[in-house]
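Take a look at the structure below.
Chains as they are written, first to last, in this note's numbering: chain A, 5 to 664; chain B, 5 to 664.
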C-alpha cells in the first residue's frame, strides 16, 4: 500500500510475524497483558481505590447521551482510553483473548456512539464546549486526541482484523480533512500537541488512502510558517488561554515551546515540550521516507544530532525541565530537577525506529535501546500498577516533598495520574515491542534488539524463519538460528553491534567470523540454509561512563553501565546521604547476583568511600566547619536504574562522585 | 522612653554617637551618600534610561490629586520611596546635607498631601481601589507599607530632628490603631507581609507612646491563632487573590508561607517567605526585650537555631527556593536554584542585632557579619547603580537564560527591578551601619564589628570616647583606644572574638593579656583611662570550609574563607566550566594582591586541577564516553564573593570540588 519511493528502505516486521519468548521481556509483556491492561481498564472506569479518577469512560457515556453529567478531567482525557485500546490491539496481535476483545469491542461501541453525525469525535468539546470546536488548537489537544484514536484504530485493525474502530477513525479523519487545509473556508492551522501527523501516516499505511498522507504533510509543512497560526488564533480568541479562562494574556503563546517558531525544515535544535517535539520528529521522518523528501530527512538528522549529542540523559530520557515538560539548551542536564518524562522516551523510540529505516546506523538502535531498557521500564513498577511520569537521575525524597522546585520528582511510583499519559503509553510501547526488534528490506533482515523469539518473513523471495536466543541484559551470548529457509539465493543478516560492547566476537556455525561492520551493524550475506547459526559474544564488562565536560551537573562524577543497563545507587543498599559516597577510581566493578525482590538481577558491587565526620553527624553539629570530613571505606552496591524504587523508599543516585 | 523591664540589656548606640572612618566601609557609605541615594531618587522619579520604571513618586502625585492618571507598579510600590527616605534619614545623621534634606522635605510634603483626612495613607488603595481598604491583608501589603513609612519617619526624625514625616506616621499609626484590635468593630487580623510590627516598636521607642508597642504586640500575639484570620478573610473575599482577579481559588492561602500556621510562640522551624519570617522574628525579639517576655524570647532562640544550624547559606543568606522566595527545609541548600534574597539577609541582620541585645553571644555577631560582608555588599555593584536581588552560590549564565528553573538567578546585576525592594534596602542598611558596630548597657561597651571610627557615650557615669582602628577584612590587627574617659570608676569593654579567628591574641597598652572570654566576647573590665589601648590580633589564615554532610549540594566540595569574607571562583580568572575544576586537598591557600578593578583587594591563589579530555572538548564530542577525563594542573584564583560579577560576565562558583 506504499508508494513507489518507499520500497527501498527497511520496514519493521508486523507484530503478527514476530513472536517473543524472552527471559527478560516476556515477564514484562505478560505483566502488560495480565495486569496492566486489566488494571488500566479499572482505572479508566474509576474503580481504583485511592487513585485519582480517570473520568475517561464516563466522559464517553455522557457524550453519547447514555448518562447525564459534566465532562471531567483534562481536555485530552479521551486519549487514555485510546492508548489503552491501542495496547489491547497490539496485545491481541500476539495473543488472542476473547474476553479482552469483547471488552474492547464494547468500549469501541461506546466511542462510536459518541461520534457526531459529521464524524467529529471529542468528548470534551461535545459535552463542555459544543460551539467551540477548533477554536483553540494551541491548548486543547483536539487533533492530538484524534491522532490517538487513529493510532488505536490501526492497532486494533492489525490485531483483530476488525474495522469497527478503523471506520470511526476514518470518519473522524475525513471530517478533519474537510476542516483543515489551505483551501477557502479551511483552517490553515495545526495542533498545539503534535500526534495527528504520525497517526495519519499510520492510517495511510493501513488504508492506502493518499489523502491521509497528504493531510499529515499539510500539518508538518504548515507548521512554523508566517503569519504564525498560533498567534492569529490567540488574537481571534481574545488573547486568552484554556487554562485561565477569562484572563487576558499579555504575551502570545511561546512558539518555540510548540515547535512552531520556524518551519520544521529550518529547525536546528530541539526546543519546547519534549513529547510534542519527538512526536513531530517521528512524523517528519515518516513523511521523509514516504515522500522521499530529502530536506525533511536532513532536518530529522540535524534534530537527532542535537538531541543525541547535547540534550540526552544517560537513561535515554529527554526534557531537562518540568517547566513546560521541556528541553532547555545544550548540555543543560541537571540530575535532580529534570523532567525526563516516560512518554518522551517512548516518543524518542518512535523517532529512532524511523531513523533506523532511513539509515540503518547503530547509534539509532543504541539510543532506542537505552531509552527502552532504562526509562520505559523504570516508568512502571514491578507490580505493573504504579508508574513514574518523571525519571530523575538523583532523588532526595525530603526535597521532593519540601522543595517546590522538586515537587515533580516523585520518590515513589504513583497509582495513577490526573494527567495519565504515561501509564497507557508504557503499555502500548511494551505490547508492540515486536515492532522494534526486526526490520527488513528485500535482501536484508535487520536485528536491532536482542530479544529471544522468532521472526517469519519473505526475504529475497525465500520463506525465512529466524530464531534468536539471548539472555540480555544479563548475559552477552546471542545466537541467531535460521529455522526455516525455503529455496535458495543470497540474503543478508544485519545485526546491530551495540556501542557498549567494546569487543564483540562472531561465529558462523561455530567457526569464528569477521563480518563486515558498517555503521554499527554486522552484515553477513550468504545463501543461508536452515540450521545455520550466527552467534555473537557481546562484551558485558561493566563500564564507567563519563559525561562531556560541558555537562556541569556531572563534573567529577561517573555513571555505571553494564550491557544496555544503566545502574544507580539506592539508599536501602548504601545508606544516606548517597552523595556523601564516592567511587574509588581504581576499584573493580563486580557483577553479583541480586537477592529477594532482585533475584535474577545482576547487580554491581564495588569499593567506595563515605565522607563523614568522626563524630556522628548529629542534628546539632555545626552547618559549616573547618575540619574536613574523613573518608571511610564502604562497599557500594548498584542496581539497574530500571528497577529502582521497588523496595523501601529512599534516595537514588545515578551519577556518583569519583575519587582517586 | 523605654519601660522599666528594658533597662538591663545593651542597646545600639545612636547613629549620631558613632562616626565611621574606615578604609573598607567608608567608600561604601560614600557610595550610598553620593551615588546610590541620588541614583535611587532618579529611579523613583522614573528617570533612569532603559530601567524598569518605579512609578513611586508619580503614584503619590496622583493620590494627592496633583496629576491625573492610574496607579502603576506593585501594591507596595510606596515602600520604595519610604525606604529611600529612611536611608536619607540615616545618612543625614552622619553627614548633614542641605540639598538632600530639601529634596527629602519636598518628598515628605508630597507624601503628607496624599494622606487622607482620617490618617489613612496608601497610594494603591487611594487611587486604584478606594472602597477596598483592609479587605485583603493576605496579599496587599497594606500594613507592610505603613510599616516602612513609620521606619522612614523615625529615621528622618533621628537624623534631622524634624517631625514632618513623624507626624504623618503617627496619624497613620493612630488610624491603624483605630481599625485593628480585639474590640468590637475592629479587624482581628494582621498583615501578610510582616513589617508593621518592628516599625511600631521603633515608633514607640521614638515617641514613648505605649499604644504603639501594644499594637505591635497585638499583631504578633494574634498571628497564627485559630480561627485563622487569613482563611476567614479569604472566604469573606469570595476565595480570590489580588494576583489573579476574578479567579476563584480552590485552596486557601498557605499559612506556613505566611508564618501564620500556628501561634508564633509555638513555631519550631523557619518556614515560608524568608523576608517576612526574619522581619517577624525581629519584632518578636524587640517585644521580648521590651516586655520581658520569656516565651517569646524562647521562640526567637529556637527559630534562630533552626536558621543558623540548618537553613543558612555560607554567605549569610537565606531562602532556598524562588518559589515564594522562601525557606524550604533543613539542610536543603541548593547552590544554583536558591533565592538568597538580599533583603532577607538584611532582615537576618536586624534579627541578629536584637538577639545580641537579648544575649551578647558571638554567634549572633558572626552571622550578622557573615550576611553584611558577603550578601549585603554583593547585592550592589561597585558602581552603586546595579543590584542583585538573588545571591546564588553558583552561576552558569547560559542556564540563567535557558533553564526556566534558573531564570531568577541573574548573572549580571540589574539597573532596577519592577519589584525594587532590594536596592533601597541595601541603601538603608549601609547608611545605618553605625547602629550595628557598638552597643552598650550601663557598665559595658560592646564592639560587635571591627569598623574604624569613634563612639561617644556615657558609661558608668563617665563621658567616654572610644576610637577603633582596623583594616578588616584585609588585615587582622585591631586597636581600641580610649580617647576620652572623664572621671573614674570601672567599666568593661567587651569585644567580639569572631569564630573565624582560630587564634586571637590580646594586649593592653602593649602588654599581652588573656581576657575572660565568654560566649564569644572578650571582656576587659577596669578603671579605663584616656590613652589606654586594647589591641587584638585576629587570625587571618585562609580556611577551607566544609558543610554538614546532610547538605547534599556540597558533598565533596569546599568553600574558601579569609576573615569574614567568603571567596568564589569566577570564569574570567579560571575559565569555564568552573565545576570542572577541583582544589587539591593539600594545596596552600595564598593571599595575593588584586589588580585592576580588584586593586586593594586580597585574593586567594592556590593549586587545582581541571578535568578535561586530551582532545579539546569539541561540540561534536560524544555526550557520554568510557574514557575518564585527565586531571591537568591549574592555578586557581578566588575573589571575595561580595565583589563577584564586577568584571566580564561569566560563571561563578562558591563550593569548589576538592580532590586528594
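We treat Cβ as the ideally placed atom computed from N, Cα and C, and that holds for glycine.
Please read these numbers as outputs of a predicted model, since none were measured by experiment.
Can you tell me whether DSSP reads residue i as helix, strand or coil?
| i | result |
| --- | --- |
| residue 154 of chain B | helix |
| residue 611 of chain A | strand |
| residue 201 of chain A | helix |
| residue 277 of chain B | strand |
| residue 666 of chain A | Lying outside 5 to 664, the shown extent of chain A, residue 666 of chain A is not represented and no answer is given. |
| residue 474 of chain B | strand |
| residue 529 of chain A | strand |
| residue 565 of chain A | strand |
| residue 605 of chain A | coil |
| residue 447 of chain A | coil |
| residue 24 of chain B | strand |
| residue 544 of chain A | coil |
| residue 315 of chain B | coil |
Compare the C-beta of residue i with all C-beta atoms of chain B and state if any pair is closer than 8 Å.
| i | result |
| --- | --- |
| residue 160 of chain A | no |
| residue 371 of chain A | no |
| residue 318 of chain A | yes |
| residue 442 of chain A | no |
| residue 299 of chain A | no |
| residue 248 of chain A | yes |
| residue 214 of chain A | no |
| residue 685 of chain A | Residue 685 of chain A lies beyond the stretch modelled for chain A, which goes from 5 to 664, so this question has no answer here. |
| residue 583 of chain A | yes |
| residue 631 of chain A | yes |
| residue 549 of chain A | yes |
| residue 195 of chain A | no |
Leaving aside the five residues before and after residue i along the sequence, list all residues of the same chain whose C-beta is less than 6 Å from its C-beta, in chain order.
| i | result |
| --- | --- |
| residue 203 of chain B | 151, 154, 155 |
| residue 614 of chain B | 584, 585, 636, 638 |
| residue 252 of chain A | 243 |
Here's a check: name, in chain order, each residue in its chain whose Cβ is nearer than 8 Å to the Cβ of residue i, leaving out the five neighbours to either side.
| i | result |
| --- | --- |
| residue 417 of chain A | 384, 385, 390, 391, 392, 649 |
| residue 366 of chain A | 500, 501, 502, 503, 523, 524, 525 |
| residue 334 of chain B | 273, 310, 314, 315, 554 |
Taking residue i and residue j to be in contact with their CB atoms under 8 Å, please state how far apart those CB atoms are, rounded to whole angstroms.
| i | j | result |
| --- | --- | --- |
| residue 294 of chain B | residue 205 of chain B | 7 Å |
| residue 97 of chain B | residue 163 of chain B | 4 Å |
| residue 458 of chain B | residue 23 of chain B | 5 Å |
| residue 44 of chain B | residue 431 of chain B | 6 Å |
| residue 659 of chain A | residue 428 of chain A | Actually they do not touch by this definition, with Cβ atoms about 31 Å apart. |
| residue 85 of chain A | residue 61 of chain A | 7 Å |
Examine chain A for any beta-carbon lying closer than 8 Å to the beta-carbon of residue i, and answer yes or no.
| i | result |
| --- | --- |
| residue 314 of chain B | yes |
| residue 553 of chain B | yes |
| residue 661 of chain B | yes |
| residue 333 of chain B | yes |
| residue 400 of chain B | yes |
| residue 341 of chain B | yes |
Beta-carbon within less than 7 Å of residue i's beta-carbon, same chain only, minus the 5 sequence neighbours each way: which residues are those?
| i | result |
| --- | --- |
| residue 191 of chain A | 138, 183, 184 |
| residue 288 of chain A | 224, 268, 300, 303, 304 |
| residue 467 of chain B | 488, 490 |
| residue 513 of chain A | 536, 537 |
Counting only beta-carbon atoms, is residue i nearer than 8 Å to chain E?
| i | result |
| --- | --- |
| residue 327 of chain B | No chain E appears in this structure, whose protein chains are A and B. |
**Message:** Which runs of the alpha helix (DSSP H) at least 4 residues long sit entirely within the region 123-181 of chain B? Give them in chain order.
**Reply:** Taking only runs of at least 4 residues, the alpha helix (DSSP H) segments lying wholly in the region 123-181 of chain B are 127-131, 141-144, 146-164.
**Request:** Any chance you could list the alpha helix (DSSP H) runs of at least 4 consecutive residues sitting entirely within the region 375-430 of chain B, in chain order?
**Result:** Entirely contained in the region 375-430 of chain B, the alpha helix (DSSP H) runs reaching 4 residues are, in chain order, 401-406.
**Message:** Suppose only complete runs of 4+ residues qualify. What are the alpha helix (DSSP H) ranges in the region 218-273 of chain B, listed by chain order?
**Reply:** Here the runs fully enclosed are 233-240.
**Completely contained beta strand (DSSP E) runs for the region 451-521 of chain A, where each covers 3 or more residues** = Entirely contained in the region 451-521 of chain A, the beta strand (DSSP E) runs reaching 3 residues are, in chain order, 457-463, 466-474, 481-489, 495-500, 509-512, 515-517.
**Message:** Suppose only complete runs of 4+ residues qualify. What are the alpha helix (DSSP H) ranges in the region 55-119 of chain B, listed by chain order?
**Reply:** 60-67, 82-98, 102-118
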